[in-house]
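Student: Read top to bottom, the protein sequences are chains D and P.
Residue 21 is where the first sequence starts when you use the numbering used here, and the numbers rise one by one after that.
Residue 23 is where the second sequence starts when you use the numbering used here, and the numbers rise one by one after that.
Ideal Cβ positions, reconstructed from N, Cα and C, are used throughout, including at glycine.
Structure in structure tokens, see below.
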Amino acid sequence: MAFNFDPYSPAVDADPFPFYKTLRDQHPCFWSDEAGMWILSRYADIVTALNDWQTYSSASGNLMTELPNRAGSTLGTTDPPRHDRLRGLVQHAFLKRNLEALAEPMRAIARDAAEALRDSKQFDFIEDFSSKFTVRVLFAALGLPLGDERTVRDKAVLMVQSDPHTRAKGPEHIAAYNWMRDYAAGVIAERRKNPQNDLISHFSSAEIDGDKLDEMEVLLTTTTLIMAGIESLGGFMSMFAFNMADYHEARRRVVADGNLLADAIEESLRFNTSAQRFRRRLQKDVALHGQTMRAGDFVCLAYGSGNRDERQFPNPDIYDLNRKPKGHLGFGGGVHACLGNAIARMALKIAFEEFLKVIPEFRRVQEQLPWMPSSTFRSPLRLELAVN
Amino acid sequence: MPRITYIEPSGNQTEIDLPEGWSLMQGATSNGVEGIEAECGGSCACATCHCYVESHADRLPAPSETELSMLDHVAAERRPNSRLSCQLKASADLDGMVVRLPICQS
């Protein structure tokens, strides 16, 4: 049977890594009929694409399955120079040195969420820990009004999914996206009326070179920040917990020596980042590995595969706490590398310092995990953990 | 492929042939060169890929405003030849270039 790679298939949601290996070894520049795009799977090819935004454009969308009317109005879906000016307005809030004020509130939130698990024998890491933590942290960071946390979280998780049968966003995913857009619009209107010293207040009244941001940019960038803050952070937290549950020795070393937590986070970003695949669109023909990709074609950059490329990382399928995998693609790379990388690293570190204090010994309960149906991201919908 | 020489903080020198278009930061992190952290992944948002340009300076594009503002926050001494290596792209023009990496990045 001919090889195919279908990023909408539940088998790829559950375990993309054997598919990636075949792609890297036998089809390093592969046309996927199911995805309707080329798939780049080797580390070096992905890095080349990330460094060349002129050829590999983001302006037609960056999610594998793009949301309607989103491309062109967010950081991830614009090219320089527009992108750089838009990012300049938002970036200062996400720089490491400007995040210090969040450390204590974040730790208090983590401590509360961890304490609530103290006498549990078994719990769902996502429902009972990471969701509570991410939503409260995001609300604190963006200064969002309390009251809607649960709904905001549910919609954020739904809007990144795709339908495995139709290979598109389903009505429920579009409805969640529309809900989030309306929610963001409400927050923006409120902040314009009563500006405060927070990101959304500044951003919603910002101008680029005297050219006021258009409403769509303010709205969709805010929507994306909320989605990323909740879904992407929560998704990766669950992947990290999954690794800590499965790799007992690594976890015990981290518990014994807190300095190793940062190394475990980096190795998890390499080993199974939640940001598995993003896409670009070619602005000119590119010849690669005997194929010619044409201007206008979409190209998937499979970060999750580049991170397992033995050409770059020796013994890539081993979870190795000593690896210190510099240059991994867990946050993408180049001009579009994840804006939230510093806040994500900080949140992970604080959340797990507190979590591991309360629950140092645990294991995974489900043999098969229910994986989120998504062509872009990969994380479980539930992660049952049992306390040893 | 342009060849770039990195001088690590220890004084150790590594020569790397970089594919055109790759940033000097990327060339260092993906080849195990010591002395670059590059936390932000190449988006000019962290100042942990600081380098001192020891040659070919006249062939480099001037730093952008964003790069200049990030250079204010480098951990080691900032010098006139300080640049962020994620903003320097390998090209034939830079063949033979030498960059020195600072004693610390954060």
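For D/D33, is the classification buried or exposed, using 16 other Cβ atoms within 10 angstroms of its Cβ as the cut-off for buried?
Tutor: To locate residue 33 of chain D, count along the first sequence from 1; it is residue 13. D/D33 should be labelled buried.
Student: Taking the C-alpha atoms as reference points, what is the distance between D/P48 and D/P345?
Tutor: Translated into positions along the first sequence, residue 48 of chain D becomes position 28. Translated into positions along the first sequence, residue 345 of chain D becomes position 325. Whole-angstrom Cα-Cα distance: 22 Å.
Student: Which bits of chain D does P/P41 rub up against, with CB to CB less than 9 Å?
Tutor: On the second sequence, position 19 is the one that residue 41 of chain P refers to. Those are A64, V67, T68 and N71, listed as they occur along chain D.
Student: Please name the residues in the region 28-53 of chain P whose beta-carbon is closer than 7 Å to at least one beta-carbon of chain D, in chain order.
Tutor: Going along the region 28-53 of chain P in chain order, one finds P41, G43, W44, S45, Q48, T51 and S52 with a Cβ nearer than 7 Å to chain D.
Student: What residue does the alpha helix (DSSP H) around P/Y74 start on, and which one ends it?
Tutor: Taking the second sequence and counting its residues from 1, the one referred to as residue 74 of chain P is at position 52. No alpha helix (DSSP H) holds P/Y74; the beta strand (DSSP E) holding it covers H72 to V75.
Student: Starting from the C-beta of D/G354, find all residues in its chain whose C-beta is less than 6 Å away, skip the five residues before and the five after it, and write them out in chain order.
Tutor: Sequence index remark: in the first sequence, residue 354 of chain D carries index 334 (1-based). Taking C-beta separations shorter than 6 Å and ignoring five residues to either side along the sequence, the partners of D/G354 in its chain run L70 and N71, following chain order.
Student: Three or more beta-carbon pairs under 8 Å between the region 117-133 of chain D and the region 77-92 of chain P, yes or no?
Tutor: no
Student: Name the residue from D/T97, D/F50, D/G326 and D/L401 whose alpha carbon lies nearest to the alpha carbon of D/F4.
Tutor: What is shown of chain D runs 21 to 408, which leaves residue 4 of chain D out entirely.
Student: To which residues of the same chain is D/R283 closer than 7 Å at the C-beta, ignoring the five residues directly before and after it?
Tutor: Position 263 of the first sequence holds residue 283 of chain D. First, the amino acid is wrong: residue 283 of chain D is Asp here, not Arg. So the qualifying residues of the chain are L341 and K344.
Student: Short of 7 Å Cβ to Cβ, which residues in the region 115-138 of chain D face chain P?
Tutor: L115, K116 and R117
Student: Please compile the residues from chain D whose C-beta is within a distance smaller than 7 Å of the C-beta of P/A98.
Tutor: Your numbering for residue 98 of chain P matches position 76 in the second sequence. Residues of chain D with a Cβ closer than 7 Å to the Cβ of P/A98 do not exist; the shortest Cβ-Cβ separation is about 16 Å.
Student: On a CA-only basis, which of D/Y197, D/I66, D/F143 and D/M200 is nearest D/V385? Give me that one, please.
Tutor: On the first sequence, residue 385 of chain D is found 365 positions in, with the first residue counted as 1. Nearest C-alpha to D/V385: D/F143.
Student: Taking D/T241 as part of the beta strand (DSSP E), name the residues at either end of that continuous run.
Tutor: Stepping through the first sequence from its first residue, residue 241 of chain D is reached at position 221. No beta strand (DSSP E) holds D/T241; the alpha helix (DSSP H) holding it covers E235 to M247.
Student: Using a Cβ cut-off of 9 Å, pull out every chain P residue sitting near D/A362, in sequence order please.
Tutor: Along the first sequence, read from residue 1 onward, the residue named residue 362 of chain D stands at position 342. The contacting residues are E61, C62, A67 and C68.
Student: Find the nearest neighbour of D/F256 within the set D/F351, D/V157, D/A406 and D/S140, judged by alpha-carbon distance.
Tutor: Along the first sequence, one-based indexing puts residue 256 of chain D at 236. If we check each option's Cα against that of D/F256, D/F351 comes out closest.
Student: Name the two residues that bound the continuous beta strand (DSSP E) containing D/Q111.
Tutor: By 1-based counting over the first sequence, the position of residue 111 of chain D is 91. From DSSP, D/Q111 is part of no beta strand (DSSP E) but of the alpha helix (DSSP H) over R102 to Q111.
Student: Work out the CA separation of D/M366 and D/N279 for me, nearest whole Å.
Tutor: Residue 279 of chain D sits at position 259 when you count from the first residue of the first sequence. Residue 366 of chain D sits at position 346 when you count from the first residue of the first sequence. When rounded, the distance between both Cα atoms is 13 Å.
Student: For P/D39, report the span of its beta strand (DSSP E) as first-last.
Tutor: Counting from 1 along the second sequence, the entry for residue 39 of chain P is found at position 17. Start and end: Q35 to D39.
Student: Three Cβ pairs or more, each shorter than 8 Å: is that satisfied between the region 323-333 of chain D and the region 34-48 of chain D?
Tutor: yes
Student: Going by the beta-carbon positions, is the gap between P/L123 and P/I58 smaller than 8 Å?
Tutor: If you number the second sequence from 1, residue 123 of chain P lands on position 101. If you number the second sequence from 1, residue 58 of chain P lands on position 36. Contact flag set, yes.
Student: With burial defined as no fewer than 16 other Cβ atoms inside 10 Å of the residue's Cβ, what is the status of D/R156: buried or exposed?
Tutor: What you label residue 156 of chain D is simply residue 136 of the first sequence in a count that begins at 1. Burial state of D/R156 is buried, judged by a 10 Å Cβ sphere holding 16 or more other Cβ atoms.
Student: Check each residue of the region 218-246 of chain D: if its Cβ is closer than 8 Å to any Cβ of chain P, include it; give the result in chain order.
Tutor: none
Student: When you check each C-beta in the region 90-114 of chain P against every C-beta of chain D, which residues fall closer than 8 Å?
Tutor: H95 and K111
Student: Chain P partners of D/C358, CB-CB under 9 Å?
Tutor: In the first sequence, the residue the question calls residue 358 of chain D occupies position 338. Correct list: C62, G63 and S65.
Student: Do D/T98 and D/G92 have their C-beta atoms within less than 8 Å of each other?
Tutor: Position 78 of the first sequence, counted from the start, is the residue given in the question as residue 98 of chain D. Position 72 of the first sequence, counted from the start, is the residue given in the question as residue 92 of chain D. Cβ atoms of D/T98 and D/G92: closer than 8 Å.
Student: Within the region 258-323 of chain D, note down every full beta strand (DSSP E) run reaching 3 residues or more, in order along the chain.
Tutor: 298-302, 306-308, 311-313 and 318-321
Student: Across which residues does DSSP place D/R328 in a beta bridge pair?
Tutor: As a first step, residue 328 of chain D must be located in the first sequence, where it is residue number 308. D/R328 pairs with nothing; no bridge assigned.
Student: Residues of chain P with CB under 9 Å from D/Q216, in chain order?
Tutor: Position 196 of the first sequence, counted from the start, is the residue given in the question as residue 216 of chain D. What D/Q216 touches in chain P: nothing, since even the nearest Cβ is about 24 Å away.
Student: Leaving out the 5 sequence neighbours to the left and right, which residues in its chain are closer than 8 Å to P/Q35 when beta-carbon positions are compared?
Tutor: Counting from one through the second sequence, the residue named residue 35 of chain P turns up at place 13. Sequence-distant partners of P/Q35 (beyond 5 residues in either direction) whose C-beta falls short of 8 Å from its own C-beta, in its chain, are T27, Y28 and I29.
Student: Within the 8 Å Cβ cut-off, does D/G347 reach chain P?
Tutor: Here residue 347 of chain D refers to the residue found at position 327 when the first sequence is read from its first residue. For D/G347, the answer is yes, since a Cβ of chain P falls inside 8 Å of its Cβ.
Student: In three-state DSSP terms, what is P/S65?
Tutor: What you label residue 65 of chain P is simply residue 43 of the second sequence in a count that begins at 1. The answer is coil: DSSP assigns P/S65 none of H, G, I, E or B.
Student: Tell me where the alpha helix (DSSP H) around D/R44 begins and ends.
Tutor: To locate residue 44 of chain D, count along the first sequence from 1; it is residue 24. D/R44 -> alpha helix (DSSP H) spans F37 to Q46.
Student: What three-state label does DSSP hand D/A7 in the structure shown?
Tutor: An answer regarding residue 7 of chain D cannot be provided, because it is not within the stretch 21 to 408 covered by chain D.
Student: Does D/Q46 have its Cβ less than 8 Å from a Cβ in chain B?
Tutor: Protein chains in the displayed structure are D and P, and chain B is not among them.
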